[in-house]
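Asks: Which chain is which? The protein sequence lines are A and B, in order. Following numbering that gives the first Met the number 0, the residues of the first sequence are numbered contiguously, the last one being 181. Following numbering that gives the first Met the number 0, the residues of the second sequence are numbered contiguously, the last one being 181.
Protein chains: 2
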Amino acid sequence: MKRIAVDMDEVVADVLPKFLTIFESINGRMPNEEEYQGRKIYQVPGGENLREALYHKGFFADLPLIPGAQEGIQTLLDQGNEIFFVTAAQEFRNSLEDKYDWLLQYFPNISWRNFVFCGDKSIISADYLIDDHAFNLRTFSGKGLLFTAPHNLHETEFTRVNDWPEVLAFFAQENQANGANR
Amino acid sequence: MKRIAVDMDEVVADVLPKFLTIFESINGRMPNEEEYQGRKIYQVPGGENLREALYHKGFFADLPLIPGAQEGIQTLLDQGNEIFFVTAAQEFRNSLEDKYDWLLQYFPNISWRNFVFCGDKSIISADYLIDDHAFNLRTFSGKGLLFTAPHNLHETEFTRVNDWPEVLAFFAQENQANGANR
Numbered sequence: 000m001k002r003i004a005v006d007m008d009e010v011v012a013d014v015l016p017k018f019l020t021i022f023e024s025i026n027g028r029m030p031n032e033e034e035y036q037g038r039k040i041y042q043v044p045g046g047e048n049l050r051e052a053l054y055h056k057g058f059f060a061d062l063p064l065i066p067g068a069q070e071g072i073q074t075l076l077d078q079g080n081e082i083f084f085v086t087a088a089q090e091f092r093n094s095l096e097d098k099y100d101w102l103l104q105y106f107p108n109i110s111w112r113n114f115v116f117c118g119d120k121s122i123i124s125a126d127y128l129i130d131d132h133a134f135n136l137r138t139f140s141g142k143g144l145l146f147t148a149p150h151n152l153h154e155t156e157f158t159r160v161n162d163w164p165e166v167l168a169f170f171a172q173e174n175q176a177n178g179a180n181r
Numbered sequence: 000m001k002r003i004a005v006d007m008d009e010v011v012a013d014v015l016p017k018f019l020t021i022f023e024s025i026n027g028r029m030p031n032e033e034e035y036q037g038r039k040i041y042q043v044p045g046g047e048n049l050r051e052a053l054y055h056k057g058f059f060a061d062l063p064l065i066p067g068a069q070e071g072i073q074t075l076l077d078q079g080n081e082i083f084f085v086t087a088a089q090e091f092r093n094s095l096e097d098k099y100d101w102l103l104q105y106f107p108n109i110s111w112r113n114f115v116f117c118g119d120k121s122i123i124s125a126d127y128l129i130d131d132h133a134f135n136l137r138t139f140s141g142k143g144l145l146f147t148a149p150h151n152l153h154e155t156e157f158t159r160v161n162d163w164p165e166v167l168a169f170f171a172q173e174n175q176a177n178g179a180n181r
């Protein structure tokens, strides 16, 4: 049994659509995708005040799922892995209940025992970490997988997974390699 | 620099007085100390419904400090250690904001980066864990210290610290041993 730590934002929960909507309401236009490739959308000119929204109650309550996340998590469970959701919630006091309720809603088969709200993920001990931030993978002692998000497109330091089917393909290969090593 | 993970309830935050008060309001008497030695107060006859209080908003908001906890944490910081508060908050959705606010109130010098709300502490990677529950120490890969609480008086499996001065004495000895090994 392997322990897989899974980040929330931009891995199972999609924050980008909400940011785009707020950007549009401020600037009267949608940003082009090229504008926020390799950086956060709040680093795009006109997006300076977007990050402030993260502190508001409710911001994280109604985020849509990343496509394939539910099926992906279920497949990893079916393969005998342990899943822990590990999210850097602690910067945002008002996100705690929202994130908790969101996980219960979309992943009712994952126990609260496996929810981790932290600030600094270097405290996490697991075999794998799937995360969209290279800085979280850099301090991780297990195997890190960089889940593609527009802001991390230029990162080359870690094994990249572009979507949930690629996550499953990675673990299928790991299982095969482990089987071959037996 | 060593990383020390510190549990909240019954290590820095005192839950017992509140439980005693609720027990008294239900049963018309205070339990004797012998009644809850070696077990949780909600395992004492008449205390069966006490645990339910943990689910109420506000239960964790106004807990008193364990004597010496603030000074103890400050001394460990001054000695160059890193402190992470690690609490099994996740069973109690309504405790999340209360615990967060409590930490900010009593330990304003510890960043939110170092708050961890989890369910199963086997996910924690640190050098030391100070906790009142043997089951948390059992799955911990670093050095575990059992912080004395009435319920754990019969535990003999781990290094015991009876109070915060004993925590500091333990680390003074560790520092001396590490110095001697250099």
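Think of the CB as a built atom: it goes at the ideal place given N, C-alpha and C, for glycine as much as any other residue.
Which bits of chain B does leucine 95(A) rub up against, with CB to CB less than 7 Å?
Replies: Reading the first sequence from its first residue, position 96 is the one you call residue 95(A). Those are Leu95, Glu96 and Tyr99, listed as they occur along chain B.
Asks: Show which residues of chain A have a CB atom less than 9 Å away from the CB atom of arginine 112(B).
Replies: Looking up residue 112(B) in the second sequence gives position 113. Those are Ala87, Gln89, Glu90, Cys117, Gly118 and Asp119, listed as they occur along chain A.
Asks: Skipping 5 residues on each side, what residues in its chain have a beta carbon closer than 8 Å to that of proline 66(B)?
Replies: Along the second sequence, one-based indexing puts residue 66(B) at 67. Correct list, in chain order: Asp162 and Trp163.
Asks: Could you spell out the range, first to last residue, of the beta strand (DSSP E) harbouring leucine 49(B)?
Replies: Start at 1 with the first residue of the second sequence, and residue 49(B) comes out as number 50. Looking at the DSSP string, leucine 49(B) is not in any beta strand (DSSP E), and its letter there is neither H nor E.
Asks: Shortest alpha-carbon distance to aspartate 131(B) belongs to which of Ala176(B), Cys117(B), Leu102(B) and His150(B)?
Replies: Within the second sequence, the letter at position 132 stands for residue 131(B). Comparing Cα-Cα distances from aspartate 131(B) to each of Ala176(B), Cys117(B), Leu102(B) and His150(B), the minimum goes to His150(B).
Asks: Pick from Leu19(B), Arg38(B), Ser124(B) and Thr158(B): whose alpha carbon is nearest that of lysine 1(B)?
Replies: Along the second sequence, read from residue 1 onward, the residue named residue 1(B) stands at position 2. Here the closest residue by C-alpha is Ser124(B).
Asks: Give me the residue from Gly27(A), Leu64(A), His55(A) and Gln36(A) with the minimum Cα distance to valine 10(A).
Replies: Looking up residue 10(A) in the first sequence gives position 11. Comparing Cα positions, the closest option is Leu64(A).
Asks: Check glutamate 81(B) in the structure and name its three-state DSSP category.
Replies: Counting from 1 along the second sequence, the entry for residue 81(B) is found at position 82. It is a strand residue.
Asks: At which residues does the beta strand (DSSP E) containing isoleucine 3(A) begin and terminate?
Replies: By 1-based counting over the first sequence, the position of residue 3(A) is 4. Start and end: 2-5.
Asks: Take the Cβ of aspartate 61(B) as the centre, count every other Cβ of all protein chains shown within 10 Å, and call the residue buried at 16 or more, exposed below.
Replies: Here residue 61(B) refers to the residue found at position 62 when the second sequence is read from its first residue. Aspartate 61(B) comes out exposed.
Asks: Select from the stretch 124-143 of chain B all residues with a C-beta closer than 8 Å to any C-beta belonging to chain A, and list them in chain order.
Replies: Ser124, Ala125 and Ser140
Asks: Using the C-alpha atoms, what's the distance from leucine 128(B) back to glycine 141(B)?
Replies: Locating residue 141(B) in the second sequence gives position 142, counting from the first residue. Locating residue 128(B) in the second sequence gives position 129, counting from the first residue. Approximately 7 Å between the Cα atoms of the pair.
Asks: Is the beta carbon of glycine 118(B) closer than 8 Å to that of serine 110(A)?
Replies: As a first step, residue 110(A) must be located in the first sequence, where it is residue number 111. As a first step, residue 118(B) must be located in the second sequence, where it is residue number 119. Going by C-beta atoms, serine 110(A) is nearer than 8 Å to glycine 118(B).
Asks: Would you say isoleucine 122(A) faces chain B, with C-beta separation under 8 Å as the test?
Replies: Numbered from 1 along the first sequence, position 123 holds the residue referred to as residue 122(A). Output row for isoleucine 122(A): interface = yes.
Asks: Under 8 Å between C-beta atoms, does phenylalanine 83(A) make it to chain B?
Replies: As a working mapping, residue 83(A) is identified with position 84 in the first sequence. Interface residue, yes.
Asks: Put isoleucine 122(B) into one of helix, strand or coil per three-state DSSP.
Replies: By one-based count along the second sequence, residue 122(B) stands at place 123. Of the three classes helix, strand and coil, the one that applies to isoleucine 122(B) here is helix, per DSSP.
Asks: Examine chain C for any beta-carbon lying closer than 8 Å to the beta-carbon of isoleucine 123(B), and answer yes or no.
Replies: No chain C appears in the structure shown, which is made up of the protein chains A and B.
Asks: From isoleucine 25(B) to asparagine 48(B), what distance separates their C-alpha atoms?
Replies: As a working mapping, residue 25(B) is identified with position 26 in the second sequence. As a working mapping, residue 48(B) is identified with position 49 in the second sequence. Cα to Cα, isoleucine 25(B) sits roughly 9 Å from asparagine 48(B).
Asks: Bridge partners for leucine 145(A) per DSSP, in chain order?
Replies: In the first sequence, the residue the question calls residue 145(A) occupies position 146. Leucine 145(A) is bridged to Asp130(A) and Arg159(A).
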